[in-house]
Amino acid sequence: MIEDGEGSPWICHICEGKFRGMESIACSRCFQVTCAAHLRHLPSRHPESGLYLLQPVCVACATLKGE
3 MIEDGEGSPW
13 ICHICEGKFR
23 GMESIACSRC
33 FQVTCAAHLR
43 HLPSRHPESG
53 LYLLQPVCVA
63 CATLKGE
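Heads up: the sequence shown begins at 3 in the numbering used here, then just goes up one per residue.
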């Protein structure tokens, strides 16, 4: 595979915007790729340690849970 330095293109599942050269982040609940404008970092309790960690969550999943 040849690296062109621009990264692979990807599409946000919320706004369907096409991006290249930016790092994509997947929602921690639905595991779909989301742009930074439609991603929130919400606290989630880790089951083993009991600590709260910030997890990336898309706005669609956040509104489903009412957060």
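Every residue gets a Cβ at the ideal spot worked out from N, C-alpha and C, and that includes glycine. Computed from a predicted structure; not experimentally measured.
- Using a Cβ-Cβ distance cut-off of 8 Å, the segment 53-60 and the segment 23-41 are in contact, since at least three pairs of beta carbons, one from each stretch, lie closer than that value.
- Separation of C63 and A28 (C-alpha to C-alpha, rounded to the nearest whole angstrom) is 12 Å.
- Relative to G23, the option among S51, E50, S10 and R47 whose CA is nearest is S10.
- Apart from sequence neighbours up to five positions away, the residues of its chain that approach P45 with a beta-carbon distance below 8 Å are Y54, L55, L56 and Q57, ordered along the chain.
- According to DSSP, L55 shares a beta bridge with S46.
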